[in-house]
Amino acid sequence: MLLPLSLDMKPIGKILSETCGLSEEVLNEALRVQEEKGGRIGEILIRQKVIQEPDLLKALSIQQNLPYSSTLPQDDLSTDFTQTVPIQFLKKHKMVPVITSKKKAIAVNDPFLFQALDDLRLILDMEGAGVVLSPFSDILSAINFAYDMSGSSAEQVIEDMHEEDTDQLYSAIEETGDLLDDTSDAPIIKLVNLMLSQAVKDGASDIHIEPAQNKVTIRSRVDGILYNMLSPPKHTQSALISRIKIMADLNIAEKRLPQDGRIEIKIANKNIDIRVSTLPTAFGERVVMRLLDKSNVLLKLSESGMPEDNFKKFNRLIHSAHGILLVTGPTGSGKTTTLYGALSTINKTDINIITIEDPVEYQIQGIGQIQVNPKIDLTFARGLRSIVRQDPDVILVGEIRDLETAEIAIQSALTGHLVFSTLHTNDAASAVTRLIDMGIEPFLITSSVLGILAQRLVRVICRDCKEEYTPDAESLKNIGITPEMAAGKKIYRGTGCPSCINTGYKGRIGVFELMILEDTIKNLILKTSDSNAIKRKAVELGMRTLRQDGARKVFDGITTIEEVFRVTQQ
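The sequence shown: position 52 = 226 (the numbering used here), numbered continuously.
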């Protein structure tokens, strides 16, 4: 058992000055703050950003003669304690039992919470268990992992569900409440909670609830591919959809019209924003939920998978004084993420950035973001007209859908604004054809458009089951690789393991095609709108196509031949 700090124990400030090289002035300032406002010296130094949490924990481990561990095991972790210890108790006191086949200990973030530590030992009959100091983020992660793993599976809830249980669904959900803390016994509530937490754990971007004549199918989209998740019995359909509609604040009595809503929840340590869309079908309402993890830090452009040469060119374009930069690709190809990354890169206090989006997916500090609202006639075109009067330097238009929006965007670029936007086309050259089809004059395109970036997302080979293999010549030919090009190169694939849900893939990365409108390309656009001719000329001038960038990522061992072919086939 830990004892309170004894008088002859070395002060934490002295240990920190030895381990972190703190000056006497810094320590004296922290002591002055402690005298005025109270608190612990270590926490004051962390608040002043003089030290970090690991520095304090290492100093405490020296002072208290306790081991320090920067990571906690999860592979062999027993979750039996979840049946007797409430999750709120462990989160409040920042501690977690670490019980594996090799050791029995309690990980703590604060070694001076003696009473809580003694209570936990008593409850779990762990009188002789040691104590280990760990960062709070690791303790919280271990708590969430344990309670997530110990929860009933959605399949088990479905098995235990009876028809009369489906009436128990009118339970309010707090917006900030953690779903892992929800102890509701109502089977439908439990099923929805488990479905959402499982989807978040798998890294799903969408959940589809699809009613059929005699069954309901629930599928989740992971890394761009839909997988079967659950198949609850047909009698649960009405209650399941009503529960989701209650959470999304939708009208549960209206089943004949489509509805849109949103849910904000917390699962483990992640804040999840869920967009809910319902659609009436012949066999009942179909529901699609789009999951956005708000706790995810926005992806940096340098981490998107863009090749170094293209990254330098693209970086130069986004720092231009005026003009239009277009990002093209189908829905779900990462266009918005790329544009957000570009905005985050150039976002400074001396630049006024305003966006109009449908919907606003992530909030970026220091940027004015407008949500399109067709109900009050706030369209892209109307919003864009108003934005121009707000003295912006940079404008982001979520999507150019019609001639009016395209015309205003081009006029904005020609009058000294930098405009970012997206188009739904297959490749970079097709964006020119699309604008001309809308009714934009070719000379306006050549005067305003700086560059067009086409992109797709390919799945990344799972590191845990990655293996080298020799592909057949036909597969290589599919993505434009000749046997000569493949000579001496290593090509990999994933065999499938529990880590990647037996798919062989984990995570996604972009493949890119950047066409800069140089004078040669501009002259060609003034003569023809044929996208094939424009693309051929761009390739002659050094543009790397989507498929060529994908082939490079195959050689780099990042993705597979099949993935590149899947996303780049015409």
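The beta carbon of each residue, even a glycine, is placed where N, CA and C say it ideally should be. It should be emphasised that the depicted structure is a prediction, and the values quoted were computed from it without experimental measurement.
Any non-hydrogen atom of the ligand PLP closer than 7 Å to residue i Cβ
i	result
PRO672	In the structure shown, the ligand PLP is absent, as is every other ligand, since no ligand is present at all.
Cβ-based neighbour list, residue i, same chain, cut-off 7 Å, excluding 5 preceding and 5 following
i	result
ARG436	ALA422, ASP447, ILE448, ARG449, VAL450
ASN388	LYS408
LEU618	ILE584
THR669	CYS639, GLU641, GLY678
THR553	VAL546
GLN208	ILE215, ILE218
THR350	Caution applies to THR350, whose pLDDT of 42 falls short of 50 and renders its modelled position unreliable; the value that the coordinates give is listed next. Cβ within range, chain order: LYS440.
ALA378	SER394, ARG395, VAL396, LEU465
Distance, residue j Cα to residue i Cα
i	j	result
LYS278	ASP229	25 Å
SER621	VAL606	13 Å
LEU287	ILE362	39 Å
CYS671	TYR679	9 Å
PRO185	GLY724	58 Å
ILE683	ALA647	25 Å
GLY213	ALA413	51 Å
LEU631	LEU466	17 Å
THR258	ILE273	14 Å
THR357	ARG633	Because THR357 carries a pLDDT of 47, less than 50, the predicted location of this residue cannot be relied on, and the following value inherits that uncertainty. For THR357 and ARG633, the distance between alpha carbons rounds to 36 Å.
LEU500	GLY508	13 Å
ASP292	THR245	23 Å
ILE420	VAL738	41 Å
GLY590	SER494	10 Å
SER371	THR253	17 Å
ILE561	ILE569	8 Å
PRO271	LEU251	9 Å
PHE686	ILE626	10 Å
GLU337	THR256	At GLU337, the pLDDT of 49 sits below 50, so the modelled position is not reliable and the matter cannot be decided from this model.
ARG707	ILE699	The amino acid occupying residue 707 in the given sequence is Ala; Arg does not appear at that position. Taking the straight line from one Cα to the other gives about 9 Å.
ALA661	ASP524	52 Å
Three-state secondary structure (DSSP) of residue i
i	result
ILE732	coil
ALA660	helix
HIS382	strand
LEU246	coil
PRO407	strand
MET717	coil
VAL224	coil
ARG575	coil
ASP567	coil
THR523	coil
THR340	Only weak support is given to the placement of THR340: the predicted model assigns it a pLDDT of 44, under 50, and the question is left unresolved by the model.
THR357	The predicted model places THR357 with a pLDDT of 47, which falls under 50 and marks its position as unreliable; any figure quoted below should be read in that light. Coil.
ILE297	helix
LYS444	strand
GLY724	helix
ASN757	Residue coverage of the chain in this structure runs from 175 to 744, which leaves residue 757 outside it and unanswerable.
SER252	coil
PRO285	coil
GLY678	coil
GLU641	strand
GLY304	strand
ASN402	strand
ASN484	helix
THR599	coil
ASP532	coil
ASP467	strand
THR505	coil
Whole-Å CB distance - residue i paired with residue j, under 8 Å assumed
i	j	result
LEU624	LEU691	6 Å
THR502	ALA602	6 Å
LEU688	LYS487	6 Å
ILE574	SER703	With 8 Å as the limit, ILE574 and SER703 do not qualify as a contact, their Cβ atoms being about 16 Å apart.
CYS194	ILE236	Contact flag wrong, Cβ pair sits at about 12 Å.
ILE695	LYS711	6 Å
THR719	VAL728	Going by Cβ atoms, the distance from THR719 to VAL728 rounds to 14 Å, so no, they are not a contact pair.
Residues of its chain near residue i, where Cβ-Cβ distance is below 8 Å and the 5 sequence neighbours each way are ignored
i	result
PRO432	SER451, THR452, LEU453, PRO454
SER476	PHE485
ALA555	ASP576, GLU578, THR579, ILE582
GLU227	ILE220, PRO309, PHE310
Cut-off 6 Å between Cβ atoms - residues of its own chain near residue i, not counting five sequence neighbours on either side
i	result
LYS664	GLU642
GLY542	ILE528
SER705	ALA603, SER604, THR607
ASP532	VAL546, GLY572
LEU400	ARG393
ALA516	ILE492
MET463	ILE381, ILE448, VAL450
Minimum Cβ-Cβ distance from residue i to chain C less than 8 Å
i	result
ILE446	Considering every chain present, this structure includes no chain C. It has just one protein chain.
Next on the checklist: Under 8 Å: do the stretch 229-240 and the stretch 302-314 share three or more Cβ pairs, one atom per stretch?
Outcome noted: yes
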